[in-house]
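Worksheet: the structure to be examined is printed underneath.
Number of protein chains: 2
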Amino acid sequence: MEFSEHIKTANVEDVVLQQPLHPPSRGTLCITGHHLLFSHREEQDSSGQVLLLLRNIDAIEKRASGSSGTIIIKCKDLFVLQLDIPGMEQCLNIAQSIETLSCLDCVADMYPFFYRPCDAIFCDQWGLSNPEKHYTEMEELHERWRLSTVNRDYSVCVSYPTAVIVPKEISDDTLKKVAKFRQGGRFPVLCYYHRKNGMVIMRSGQPLTGANRKRCKEDERLLQAVIEDSDKGYIIDMRSAQQAQQARMTGGGFESKSCYNSWRRLHRHMERGKTLQESLIKLVEACADKSHNMGRWLSKLENSKWLSHVQTALSTAGLLVECLERDGHSVLIHDSDGIDSTLLVSTLAQLIMDPSCRTLEGFLGLLEREFVQAGHPFQQRCAHSAFSHARLQQESPVFLLMLDCVWQIWRQFPLALGFSEALLLRLATEAYASNYGTFLSNSDMERHAAQVKDKTQCLFRALLKPREREQYTNQLYEHTELAIWPSVHPQSLQLWRGFFLRWTQQTRHLEEVQQEIRNMVIESGKTALSF
Amino acid sequence: MEFSEHIKTANVEDVVLQQPLHPPSRGTLCITGHHLLFSHREEQDSSGQVLLLLRNIDAIEKRASGSSGTIIIKCKDLFVLQLDIPGMEQCLNIAQSIETLSCLDCVADMYPFFYRPCDAIFCDQWGLSNPEKHYTEMEELHERWRLSTVNRDYSVCVSYPTAVIVPKEISDDTLKKVAKFRQGGRFPVLCYYHRKNGMVIMRSGQPLTGANRKRCKEDERLLQAVIEDSDKGYIIDMRSAQQAQQARMTGGGFESKSCYNSWRRLHRHMERGKTLQESLIKLVEACADKSHNMGRWLSKLENSKWLSHVQTALSTAGLLVECLERDGHSVLIHDSDGIDSTLLVSTLAQLIMDPSCRTLEGFLGLLEREFVQAGHPFQQRCAHSAFSHARLQQESPVFLLMLDCVWQIWRQFPLALGFSEALLLRLATEAYASNYGTFLSNSDMERHAAQVKDKTQCLFRALLKPREREQYTNQLYEHTELAIWPSVHPQSLQLWRGFFLRWTQQTRHLEEVQQEIRNMVIESGKTALSF
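Line order of the protein sequences matches chains G and S. So for the first sequence, the numbering used here puts the first residue at -8; every next one is plus one. So for the second sequence, the numbering used here puts the first residue at -8; every next one is plus one.
Structure representation (structure tokens):
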């Protein structure tokens, strides 16, 4: 594709930029295939520039004022800036270019395929890990579990990676049959092995029992193989019992007591999809409210229900950890399709239980396994953020909700996580618009087709380079083997101001404190354990 | 008074204590004239003890269960504990002793008169400062201002200290006449001199114009002398215009434009008294709500209106600073009696403007001048906190609201204040129940009559001893000459969890972080400027 087709006006002089925390400034605006670049008139070096990925732009508003025009640009990371452009025609040209180029659909046209940093990493392995490596490292698994490559050509499950971990006694043929009985082909796979007691977390899509209560002997056998001779397991179904019942009418369903009698089913309803997206939109709208009315703010905050979603996610993860760590039973979790709240809850549970997931590397590895490789459809979910007026399609801030929950844990246990709030903010931005290929496409299959691993850079590897690592390390980190149980009392949960109010003065001051603490640590020669 | 009259049962064995963050424990309960002491059975040293000032107890609840009884003790600092006492009679005796001894009215019976620490300080000067010393130190004042001892025997104003700062050209006789025209005899006095531009903050009670719009030439002359030849001053009246009008019906009033034509009056309504007390009660009730409903919590938080009061106080202080520092005019503030919100706002304004008020010593000195010596009636205002079922008399958490506002500033400017959150928490506790005499009585006159300065220890001096000082110093403090303007957007203000949720696990974790930072500072050899 020729980006130049979409750029009628590439350069405009004498543009006034207004952005939060800065005085207005005058300079040159430049639109390229992937970027908006603003250079201040007085400053020659790059400190006087604003460089914005067009992909980061969620919505724009145009306004005419006399012969000139104003464009308000609202970014997916909640940054809002305003450009006053002399000449209405130029203004309209710029706006049109932005509108087109910010919503390119074709993966291969996206910036990660053009990004070539001078310190680009080219090594054998693109990400931090892959299922094969993960399996090899976990020797305790080898006796009862095996690595299956039944999905090596993505024909069994389009959203799974090429290799998955399953009970040893279950053959690939059985897996193929089970896949037909589970939504999206997502047959139950192992995602976490708890070294302390040998119990596991499995995840899957819902069983396709339908109105006729269809059974699948292979599915039942697979789950029986998971618990083997231990007495029972738990199924956490992230829909209400009523929703699970209703799902049968459209071909879905749940694991009935009679067919899975070693498993105890618990229902915990979690919102997903559109409801979650609307909650985000309401919250961001509330945060932008300029009225000085405290009651109105608190009531809008409540009305957005975002903190209720945070609470539900954390308490469902807590429930999972209770079943697994306290009661000592394996757990299968799913909702309907198993690619949203299922991954959210399994990620949080692992962070709560497993100290190795709490280091910088460990956490990035966890996200790679449980979101990227596990098939969270980033391209669909993060197509738009809170400002877009486009009709909602598949957008849903599941990944952002997960980051918010991790922030709540981070805030409640300031010493227990090896990474900083800055990492969570960076990830929240990168998921929506990035130089890197990590969050491109919707599945391993799509990334393979687009040659993402051959043609783009890996975000997680970049975050582990020395300079970035220093910035994203929690200097106060102290390793603990214990599970870190977050409080889910409403009083204990807070608005993630660092993200939702990030472009305010106050957040800047908190950054100063972080910097001060970093300096002190360097002075005192103390090095965090994850260094 | 004989405390023993009120103690029918002094010791009970086999009592079970339940308190937050600890497992239940069995031991001996002992009631003395001023304390409740619980000693764990297994532990011999003082770490196994709970020592509680009876004065700290706000309310108790009794419950019978079989032959034994349970007492739930709710403290003014929001600590709640439960005692299971064998034997109903013993339980009732204990409860009755607590009820009587926790509400002693006579100042001389209170614990500060009995408290003799081994490192007691006996020095010439009881507090940190006094008006004479304050005046002597501020040489810039001497040309136009003088120290008046017209109130040396408290006959002009019962709530003022013996010396106050007034315009040089105003004689003591004039002051006596002005005192008759101002509520409670609180004639306008200087409370802050802004070195950068020579402007001042004055405070007073309302003028007693009454329904007939009475004038007082001396009052008008005093205010004219304040602004001298500069063009004008501002009066910030912390009542709505309507309330100020209504006050005339009961003998009060406001400075009319015609009589005070160099002064511009601004009305900013601030709640005081009962409304504030009820707000606190609602907030504490909301914080104790155990339901897991996020919407309910946010709605109760809103309904308590506490954060709205925080916002109003901070924004009124901001208005004062704007008038004085930005516009360069002197300001007179008052509400009706000038001993509550007047002091709150003048304290906050000084903290915002004046770097010397932001060190540990400076802040304690500010509180001593603007609350203790200026006549905030601590004994009345802090007689009860949020749990008492007693009929509200004069209780009002004005001092606590001030501390909450300071905490908001501290949180927004984590480097700008030389003291820690722990200091604010300590002060919040001490104001309601203390070993020290600092917050006893309602005025300088009452403290003088009770010989508080001769017979009790001074809290502020104790807080500056090396060990305490270390604990209450902000290790990240960096001196700045600039005014620190707090954001008063509703989104920028937060619940002071450190106080309102202080007895929860989460708050403990944050204390760990503070400790960790302290350790790092000591390691790195960095010493905060206020050391």
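Quick reminder that beta carbons are idealized off the backbone N, C-alpha and C, glycines included.
For CYS396(G), no Cβ of chain S is located within less than 7 Å of the residue's own Cβ.
Against PRO388(S), chain G offers no close residue; the least beta-carbon distance is about 17 Å (beta-carbon pairs closer than 9 Å).
Identification of residues in the segment 404 to 423 of chain G having a C-beta nearer than 9 Å to some C-beta of chain S yields PHE404, PRO405, LEU406, ALA407, given in sequence order. Contacts between SER290(S) and chain G, judged by CB atoms closer than 9 Å, involve LEU289, SER290, GLU293 in chain order. LEU492(S) reaches chain G at GLN482, SER483, counting residues in chain order whose Cβ is nearer than 8 Å. Any Cβ of chain S closer than 7 Å to the Cβ of GLU507(G) would place that residue at the interface, and such an atom is present. Contacts with chain S at 7 Å (Cβ-Cβ) include GLN302(G). GLY18(S) and LEU484(G) have their C-alpha atoms spaced approximately 36 Å apart. Taken atom to atom, the span from the alpha-carbon of LEU311(G) to that of VAL322(G) is near 7 Å.
Secondary structure of PRO103(G) (DSSP, three-state): helix.
Within the segment 169 to 249 of chain S, the complete alpha helix (DSSP H) runs of at least 4 residues fall at 208 to 218, 232 to 238. Here DSSP, grouped into helix, strand and coil, assigns GLN384(S) to coil. Around HIS283(G), the beta-carbon contacts reaching into chain S at under 8 Å are GLN302, SER306, VAL479, HIS480, PRO481. When the alpha-carbon of LYS159(G) is set against those of LEU214(G), ASP68(G), ARG143(G), ILE227(G), the nearest one is in LEU214(G). Taking the Cα of PRO368(S) as reference, the smallest distance to any Cα among SER434(S), ARG349(S), GLU90(S), ALA381(S) is reached at SER434(S). The bridge partners DSSP lists for GLY60(S) are ALA55(S), ILE76(S). Interface with chain S (7 Å Cβ-Cβ cutoff): SER327(G) is excluded. Taking 3 residues as the shortest admissible run, the segment 1 to 46 of chain G contains the following complete beta strand (DSSP E) segments, listed from N- to C-terminal end: 2 to 9, 16 to 22, 26 to 31, 40 to 44. Under the 10 Å beta carbon count, ALA374(G) is surrounded by 16 or more other beta carbons and is classified as buried. Our two residues, VAL191(G) and ARG402(G), have alpha carbons roughly 27 Å apart in a direct line. Here the alpha carbons of SER(-5)(G) and SER93(G) stand approximately 14 Å from one another. Going by beta carbons, LEU28(S) and LEU42(S) fall inside the 7 Å limit. The shortest CA-to-CA distance from PRO198(S) to any of ALA170(S), ARG417(S), TYR184(S) is the one to ALA170(S). The Cβ atoms of CYS21(G) and ASN2(G) sit closer than 7 Å to each other. VAL504(S) has a beta carbon lying within less than 7 Å of a beta carbon in chain G.
Among the residues facing chain S, LEU357(G) is not included, as its CB has no counterpart in that chain under 7 Å away. In this structure, the CA atom of ARG256(G) is about 15 Å from the CA atom of THR333(G). Listed in chain order, the non-local C-beta contacts of GLY224(G) below 6 Å within the same chain comprise ILE218, TRP254, HIS320, SER321, local neighbours out to five positions each way being set aside. About 6 Å separates the CB atoms of ILE227(S) and ARG259(S); that is less than 8 Å, so the two are in contact. Under the three-pair Cβ rule at 8 Å, the segment 275 to 290 of chain G does not count as touching the segment 341 to 357 of chain G.
Boundaries of the beta strand (DSSP E) harbouring VAL155(S): 155 to 158, taken from the DSSP string. For the segment 14 to 26 of chain S, the set of residues with a beta-carbon nearer than 9 Å to any beta-carbon of chain G is empty.
With distances taken between CA atoms, PRO11(G) lies nearest to PHE70(G) out of THR61(G), SER59(G), PHE70(G). Taken atom to atom, the span from the alpha-carbon of PRO388(G) to that of ILE64(G) is near 20 Å. About 6 Å separates the CB atoms of HIS185(G) and LEU315(G); that is less than 8 Å, so the two are in contact. Sorting LEU467(G), THR420(G), PRO457(G), GLU503(G) by C-alpha distance to the C-alpha of PHE491(G) places THR420(G) at the top.
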